[in-house]
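Asker: Please read through the structure below; I'll follow up with questions.
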Amino acid sequence: MREFGYQRVHDVSGAVALRGADPEARYLGGGTNLVDLMKTGVERPAHLIDVRELPLGRIESTPDGGLRVGATVTNSELAAHPEVRRAYPALAQAVLAGASGQLRNMATVGGNLLQRTRCGYFADTTQPCNKRAPGSGCPAIEGEHHNHAILGASAHCVATHPSDMGVALAAFDAVVHYETADGPGELPLAEFYLPVGDTPHLETALPSGALITGITLPPAPVAAVSRYRKVRERASYAFAIGSIAAALDVEDGTVREVRLAFGAVASRPWRARTAEQALTGGPATAAAFAAAADAELAAAEPLPHNGYKVTLMRNLAVAVLTELAEEAAR
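In terms of this note's numbering, the sequence shown is residues 75 to 404.
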């Protein structure tokens with residue numbers, strides 16, 4: 075591991091100033107992703123700026139009925155918060171589906187958003203990888219790719235974003251707040267993650283040196299009837315091979331509103347807007363759910379060994395939406 079400096083900060087402006095003075099510095103939250111990558115030599119920051127003691131650890135209701143979540147709130151705190159569990163149950167379920175209890179106790183909301191989109195080739199410094207070394211190639215396309223992207227990928231990278239939390243946040247139109255030397259800013263989550271294109275090493279639209287200070291969840295009554303479902307290859311904690319965050323409002327058998335986001339299928343949480351449009355105003359039936367999923371997945375471009383994800387995501391969408399519809403009918 076490369077030698078690095080370390081400094082703990084207690085105010086946001088001080089953290090941003092330190093980062094601005096050293097382009098090779100990195101913010102350190104829980105370290106559950108960054109420190110692992112430092113150990114393998116993938117990340118080699120010259121300086122770590124520890125932000126855990128910044129005053130960003132609160133979850134508060136907003137005046138319009140949404141929620142504001144500070145960047146240093148831990149995943150465990152987020153999942154256990156009564157208002158999160160009441161108003162956005164799929165978010166609490168998504169967080170609990172990720173990692174282990176020990177990791178959730180350390181991982182922060184801000185760090186979860188910034189964990190790297192990655193695969194085994196990215197983590198292995200003996201292999202080429204366009205994310206780690208732009209222009210070196212993507213060996214996953216011809217190699218091991220059974221858990222790689224089927225939507226929105228490119229010839230330069232087919233890795234998937236690993237966050238469970240991010241899938242639920244995508245479904246509920248979360249907004250990411252940040253601070254720079256020029257002042258505060260915000261990005262809707264739909265714009266936060268960049269398309270892969272030919273620059274897979276550029277993952278977010280955050281300005282250089284920006285510090286995430288929190289996220290806002292706008293009020294969404296539909297989110298109170300929501301669910302997160304994750305499919306993985308082993309019962310203990312593991313990245314998803316497919317996941318879904320869904321919310322459904324049904325009246326007299328008709329879909330009034332639906333939210334749908336897929337995980338483990340793209341380089342970022344995938345908001346299934348085509349499926350949402352197909353369902354809104356139509357019948358809340360298994361046949362309609364299947365047709366909507368098919369419409370969303372029509373854009374899929376699976377590789378030779380991950381085509382199963384198309385069927386998996388279709389079945390997952392039908393199962394979860396059917397459960398929510400039955401729950402609404404009771």
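In this text, a Cβ means the ideal position worked out from N, Cα and C, and glycines have one as well.
Note that the structure is predicted; figures quoted are calculated from it, not measured.
Quick one: is Thr287 buried, meaning 16 or more other Cβ sit within 10 Å of its Cβ, or exposed?
Answerer: Translated into positions along the sequence shown, residue 287 becomes position 213. Per the 10 Å Cβ criterion, buried.
Asker: Please tell me whether Pro343 and Ala335 are closer than 8 Å, where the distance is taken between their beta carbons.
Answerer: Locating residue 343 in the sequence shown gives position 269, where the first residue counts as 1. Locating residue 335 in the sequence shown gives position 261, where the first residue counts as 1. It is a contact, given that the beta carbons lie within the stated cut-off.
Asker: Would you tell me roughly how many angstroms separate the C-alpha atoms of Glu134 and Thr200, rounded to the nearest one?
Answerer: Counting from one through the sequence shown, the residue named residue 134 turns up at place 60. Counting from one through the sequence shown, the residue named residue 200 turns up at place 126. Their backbone Cα atoms lie some 45 Å apart in a straight line.
Asker: Identify whether Ser300 lies in helix, strand or coil by the three-state DSSP scheme.
Answerer: Taking the sequence shown and counting its residues from 1, one reaches residue 300 at position 226. Ser300 falls in the strand class under three-state DSSP.
Asker: Beta-carbon of Ala91 versus every beta-carbon of chain B: anything under 8 Å?
Answerer: Although the question refers to chain B, the structure presented lacks it and comprises just one protein chain.
Asker: Provide the residue span of the alpha helix (DSSP H) that contains Asp110, from first to last.
Answerer: Along the sequence shown, read from residue 1 onward, the residue named residue 110 stands at position 36. Looking at the DSSP string, the run of the alpha helix (DSSP H) that includes Asp110 is 108 to 113.
Asker: Hey, could you find the ends of the alpha helix (DSSP H) Cys81 is sitting in?
Answerer: Indexing the sequence shown from 1 puts residue 81 at position 7. It should be noted that the sequence gives Gln, not Cys, for residue 81. Careful: Gln81 lies outside any alpha helix (DSSP H), inside the beta strand (DSSP E) at 79 to 82.
Asker: Under three-state DSSP, which class holds Ala99?
Answerer: The residue labelled residue 99 in the question sits at position 25 within the sequence shown. If DSSP states are grouped into helix, strand and coil, Ala99 belongs with the strands.
Asker: How big is the Cα-Cα spacing for Glu325 and Gly209?
Answerer: Counted from its first residue, the sequence shown places residue 325 at position 251. Counted from its first residue, the sequence shown places residue 209 at position 135. Rounded to the nearest angstrom, the two C-alpha atoms are 52 Å apart.
Asker: Would Arg333 and Glu350 qualify as a contact pair, given that the criterion is a beta-carbon distance under 8 Å?
Answerer: What you label residue 333 is simply residue 259 of the sequence shown in a count that begins at 1. What you label residue 350 is simply residue 276 of the sequence shown in a count that begins at 1. Yes.
Asker: What is the DSSP secondary structure of Val392, reduced to helix, strand or coil?
Answerer: Position 318 of the sequence shown, counting from 1, holds the residue named residue 392. In this structure, Val392 counts as helix in the three-state DSSP scheme.
Asker: Mark Leu276 as exposed unless 16 or more other C-beta atoms lie within 10 angstroms of its C-beta, in which case mark it buried.
Answerer: Taking the sequence shown and counting its residues from 1, one reaches residue 276 at position 202. Exposed, by the Cβ-count rule.
Asker: So, helix, strand or coil for Ala325, using DSSP?
Answerer: In the sequence shown, counting from the first residue as 1, residue 325 sits at position 251. A small correction: the amino acid at residue 325 is Glu; Ala does not occupy that position in the sequence shown. Note: Glu325 maps to strand in three-state DSSP.
Asker: Spatial neighbours of Val249 within its chain, please: C-beta separation below 6 Å, excluding the five flanking residues on both sides.
Answerer: Here residue 249 refers to the residue found at position 175 of the sequence shown. So the list reads Glu260, Pro262, Thr290, once near-sequence residues are dropped.
Asker: Starting from Gly259, follow the beta strand (DSSP E) in both directions and report where the run begins and ends.
Answerer: Residue mapping note: residue 259 aligns to position 185 of the sequence shown, counting from 1. From DSSP, the beta strand (DSSP E) with Gly259 extends over 257 to 262.
Asker: When the distance is taken between beta carbons, is Leu165 closer than 8 Å to Ala264?
Answerer: To locate residue 264, count along the sequence shown from 1; it is residue 190. To locate residue 165, count along the sequence shown from 1; it is residue 91. Result no, Cβ atoms of Ala264 and Leu165 do not sit closer than 8 Å.
Asker: What does the alpha-carbon distance come out to for the pair Ala181 and Arg160?
Answerer: If you number the sequence shown from 1, residue 181 lands on position 107. If you number the sequence shown from 1, residue 160 lands on position 86. Going by the C-alpha atoms only, they are around 22 Å apart.
Asker: Measuring CA to CA, which of Val109, Lys113, Ala197 is closest to Gly185?
Answerer: Residue mapping note: residue 185 aligns to position 111 of the sequence shown, counting from 1. Of Val109, Lys113, Ala197, the residue nearest in Cα terms is Val109.
Asker: Kindly indicate which residue of Val125, Gly194, Thr106, Val305 has the alpha-carbon position closest to the one of Gly217.
Answerer: The residue you call residue 217 lines up with position 143 of the sequence shown. Ranking Val125, Gly194, Thr106, Val305 by Cα distance to Gly217 puts Gly194 first.
Asker: Grab the span of the alpha helix (DSSP H) containing Ser135 for me, first residue to last.
Answerer: For this step, residue 135 is matched to residue 61 along the sequence shown. Where Ser135 is concerned, there is no enclosing alpha helix (DSSP H), although the beta strand (DSSP E) it sits in stretches over 133 to 135.
Asker: Taking 8 Å as the cut-off, decide whether the C-beta atoms of Ala255 and Gly139 are in contact.
Answerer: One-based indexing of the sequence shown puts residue 255 at position 181. One-based indexing of the sequence shown puts residue 139 at position 65. No. Outside cutoff.
Asker: Check each candidate in Pro378, Asp124, Ala120 and name the one with the smallest Cα separation from His84.
Answerer: Within the sequence shown, numbered from 1, the residue matching residue 84 stands at position 10. If we check each option's Cα against that of His84, Asp124 comes out closest.
Asker: Do Pro292 and Asp323 come within 8 Å of each other at the CB atom, strictly closer than that value?
Answerer: Sequence index remark: in the sequence shown, residue 323 carries index 249 (1-based). Sequence index remark: in the sequence shown, residue 292 carries index 218 (1-based). No, they are not a contact pair.
Asker: Using three-state DSSP, classify Glu218 as helix, strand or coil.
Answerer: Taking the sequence shown and counting its residues from 1, the one referred to as residue 218 is at position 144. Glu218 falls in the coil class under three-state DSSP.
Asker: Using only the alpha-carbon positions, how far apart do Gly375 and His220 sit?
Answerer: Against the sequence shown, residue 375 aligns to sequence position 301. Against the sequence shown, residue 220 aligns to sequence position 146. The identity of residue 375 in the sequence shown is Glu, whereas the question assumes Gly. When rounded, the distance between both Cα atoms is 13 Å.
Asker: For Cys203, tell me which candidate among Ile224, Leu187, Cys231 has the shortest Cα-Cα distance.
Answerer: As a first step, residue 203 is located in the sequence shown; it is residue number 129 there, counting from the start. Of the candidates Ile224, Leu187, Cys231, the one whose C-alpha sits nearest the C-alpha of Cys203 is Cys231.
Asker: In chain order, what residues of the same chain have a beta carbon less than 6 Å from the beta carbon of Val90, not counting five sequence neighbours either side?
Answerer: The sequence position of residue 90 within the sequence shown is 16, counting from 1. Taking Val90 as the centre and dropping the five residues before and after it, the same chain places the C-beta of Glu253, Ala255, Leu285 closer than 6 Å to its C-beta, in chain order.
Asker: Three-state secondary structure (DSSP) at Phe266?
Answerer: Walking along the sequence shown from the start, residue 266 turns up at place 192. Three-state DSSP puts Phe266 in a helix.
Asker: With DSSP as the reference, label Phe363 as helix, strand or coil.
Answerer: As a first step, residue 363 is located in the sequence shown; it is residue number 289 there, counting from the start. Note: Phe363 maps to helix in three-state DSSP.
Asker: Is Ala99 buried or exposed, if buried means 16 or more other CB atoms sit within 10 Å of its CB?
Answerer: Translated into positions along the sequence shown, residue 99 becomes position 25. By the neighbour-count rule (16 or more Cβ atoms within 10 Å), Ala99 is buried.
Asker: Per DSSP, Phe336 is paired with what?
Answerer: Along the sequence shown, read from residue 1 onward, the residue named residue 336 stands at position 262. Partner(s): Ile318, Trp344.
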